[in-house]
Amino acid sequence: MRFAVLGAGSWGTALAMQLARKSKTVLWGRNKPGIKAMQQSRSNEQYLPGIKFPEKLIIETDLAHAIAQSDAVLVVCPSHAFGDILRQIKPLLEGRPLAWASKGFEPGTGRFLHEVADEILGDAIPMALVTGPSFAKDVAMHKPTLVAVASKHKEFAKQVSLALRSEHFKAYLSEDIIGAELGGAVKNVLALATGIADGMELGDNTRAALLTRGMAEMIRLGEALGCKPETLMGLSGLGDLVLTSTGDLSRNRRMGLALGRGETIESAKKTIGQVVEGIGTTDEVMRLANKHQVEMPITEHVWKVIHGQMTTTEALTALMSRDLRPEFE
3 MRFAVLGAGS
13 WGTALAMQLA
23 RKSKTVLWGR
33 NKPGIKAMQQ
43 SRSNEQYLPG
53 IKFPEKLIIE
63 TDLAHAIAQS
73 DAVLVVCPSH
83 AFGDILRQIK
93 PLLEGRPLAW
103 ASKGFEPGTG
113 RFLHEVADEI
123 LGDAIPMALV
133 TGPSFAKDVA
143 MHKPTLVAVA
153 SKHKEFAKQV
163 SLALRSEHFK
173 AYLSEDIIGA
183 ELGGAVKNVL
193 ALATGIADGM
203 ELGDNTRAAL
213 LTRGMAEMIR
223 LGEALGCKPE
233 TLMGLSGLGD
243 LVLTSTGDLS
253 RNRRMGLALG
263 RGETIESAKK
273 TIGQVVEGIG
283 TTDEVMRLAN
293 KHQVEMPITE
303 HVWKVIHGQM
313 TTTEALTALM
323 SRDLRPEFE
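Add 2 to a position in the sequence shown, counting from 1, and you land on the number used in this note's numbering.
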């Protein structure tokens, strides 16, 4: 199966490289000067410098032509751009199945991305989500990586998994697309929390506590939404949480570190230089938590820090001052 990968950032490029190790793959991006530079250098020097593209990777500036050369489409873009790109490609798909590796919610509505896809494209074509603990640089450098492919369409999920499969990359299958999407979104908020704690130099005990209690928050929200708990304990939930909260390549962790050291969000964004999904995702997770009356104190206090309602020190004090209760209830 030949894929057109739409989105030439670090993750889109890494997935396109992974697919091109087996089959001809097309990579398309909006930034035409950047795409032309990639065509000339046969690498993405902006996001993955020094890592050469496989021979079967084709770099394309024309969206229609990119899709016409493919059997399926893989969208890899920030969550805020997801709906726009689907509307743009809808007349070009002509029945081709769609996968995406974007994480988060639709800003403003709080909808899951599969709900956005269903509304725009309907249910006539197979769709799947690729998610899990995976830094782009590690994948591009052939380092062992495990992810999950979630879909109601078993055959397409299997095709995506096999297309990505190599001796260094394996994709497990799941039918719980809500659970897979929830884990991939909520972990960004919790990575902000652990990053803040590390930026404040609160120690390893604090990080472990935030990861554990944050996982409890994720599971509580998942249960309210009808997710399978085992999905959230798997690659798309716990796996992604651990990576994003502890790995130095994590943008959300780096944002948290900056906030913990007293920097502003805007200055940290300039330093990081890429989209930090957790900032916007925090709003949507809080909206879901309030709607379903789910208690998520870590998420709530991250939200208050982001919106200037509390300092990081005040948030820590408030969390540690909560009433005594059983660990599991």
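Just so you know, even glycine gets a beta-carbon here, dropped at the ideal spot from N, CA and C.
Backbone secondary structure at residue i - three-state DSSP
{"i": "Lys172", "result": "strand"}
{"i": "Ala317", "result": "helix"}
{"i": "Ile53", "result": "coil"}
{"i": "Ala6", "result": "strand"}
{"i": "Val296", "result": "coil"}
{"i": "Ser45", "result": "strand"}
{"i": "Leu21", "result": "helix"}
{"i": "Leu29", "result": "strand"}
{"i": "Gly11", "result": "coil"}
{"i": "Leu290", "result": "helix"}
{"i": "Glu329", "result": "coil"}
{"i": "Gly36", "result": "helix"}
{"i": "Met312", "result": "coil"}
CA nearest to the CA of residue i, picked from the options
{"i": "Ala83", "options": "Ala70, Val118, Ile69 and Lys54", "result": "Val118"}
{"i": "Gly181", "options": "Ser168, Thr133, Gly201 and Ala193", "result": "Thr133"}
{"i": "His255", "options": "Ser323, Ala126 and Ala199", "result": "First, the amino acid is wrong: residue 255 is Arg here, not His. It is Ala199."}
{"i": "Glu57", "options": "Gly36, Leu65, Leu76 and Thr27", "result": "Thr27"}
{"i": "Thr112", "options": "His170, Ser153 and Val188", "result": "The question names Thr, yet the displayed sequence has Gly at residue 112. The shortest C-alpha separation from Gly112 is found at Val188."}
{"i": "His144", "options": "Glu169, Val78 and His67", "result": "Glu169"}
{"i": "Thr248", "options": "Lys306, Gly201, Lys38 and Phe330", "result": "Gly201"}
{"i": "Val304", "options": "Gly239, Arg253, Thr246 and Leu212", "result": "Leu212"}
{"i": "Ile308", "options": "Leu131, Leu261 and Val296", "result": "Leu261"}
{"i": "Glu183", "options": "Glu286, Asp86, Asp125 and Gly197", "result": "Glu286"}
{"i": "Trp13", "options": "Asp250, Ala138, Gln276 and Ser323", "result": "Ala138"}
{"i": "Val141", "options": "Ser25, Arg324, Thr15 and Thr314", "result": "Thr15"}
{"i": "Val296", "options": "Leu259, Lys306, Thr273 and Glu225", "result": "Glu225"}
{"i": "Val263", "options": "Leu194, Arg32 and Ala10", "result": "Before going further, note that residue 263 is Arg rather than Val in the sequence given. Nearest option by C-alpha distance: Leu194."}
{"i": "Leu243", "options": "Leu259, Arg215 and Leu227", "result": "Arg215"}
{"i": "Arg4", "options": "Arg98, Ile37 and Ser176", "result": "Arg98"}
Cut-off 7 Å between Cβ atoms - residues of its own chain near residue i, not counting five sequence neighbours on either side
{"i": "Gln311", "result": "none"}
{"i": "Lys54", "result": "Arg44 and Ser45"}
{"i": "Leu237", "result": "Gly134, Pro135, Leu148, Val149, Ala150 and Tyr174"}
{"i": "Leu59", "result": "Ala18, Met19, Ala22, Thr27 and Leu29"}
{"i": "Ala130", "result": "Ala101, Val151, Ala152, Ser153, His155, Phe158, Ala159 and Val162"}
{"i": "Gly9", "result": "Gly31, Val77, Val78 and Cys79"}
Neighbourhood of residue i by C-beta, 8 Å cutoff - its chain only, sequence neighbours within 5 removed
{"i": "Leu321", "result": "Pro299, Ile300 and His303"}
{"i": "Glu157", "result": "Pro128"}
Spatial neighbours of residue i in its chain, beta-carbon cut-off 6 Å, leaving aside the 5 residues before and after
{"i": "Ala68", "result": "Ala6, Val28, Trp30 and Glu62"}
{"i": "Asn190", "result": "Asn254, Glu279, Gly280 and Thr283"}
{"i": "Phe41", "result": "Checking the displayed sequence, the identity of residue 41 turns out to be Gln instead of Phe. Around Gln41: Ile61."}
Exercise. Would you check if the region 290-297 and the region 87-96 touch, i.e. whether three or more CB-CB distances between them fall below 8 Å?
Key: Segments in contact, no.
Quiz item: Which runs of the beta strand (DSSP E), 3 residues or longer, sit entirely within the region 103-188?
Solution: If we require 3 residues or more, the beta strand (DSSP E) runs fully inside the region 103-188 come out as 129-133, 147-152 and 171-176.
Quiz prompt | Cβ pair count under 8 Å reaching 3, the region 214-224 against the region 156-168 | solution = Touching, no.
Quiz item: Which full runs of the alpha helix (DSSP H) of 4+ residues lie inside the region 193-279, going along the chain?
Solution: Annotation: the region 193-279 contains the following complete segments of the alpha helix (DSSP H) (minimum length 4 residues), in chain order: 206-227, 231-234, 242-248, 253-262 and 267-274.
Practice problem: Mind listing, in chain order, the continuous alpha helix (DSSP H) runs of no fewer than 4 residues lying wholly within the region 56-106? | Solution: Listed in chain order, they are 65-70 and 81-95.
Quiz item: Are the region 266-275 and the region 201-211 in contact at 8 Å, needing three or more beta carbon pairs?
Solution: No, because fewer than three Cβ pairs between the region 266-275 and the region 201-211 fall closer than 8 Å, the two stretches do not touch.
Exercise. Please confirm if the region 66-81 is in contact with the region 100-109, defined as three or more CB-CB distances below 8 Å between the two stretches.
Key: For the pair of segments examined, the region 66-81 was found to touch the region 100-109: the number of CB pairs separated by less than 8 Å reaches three.
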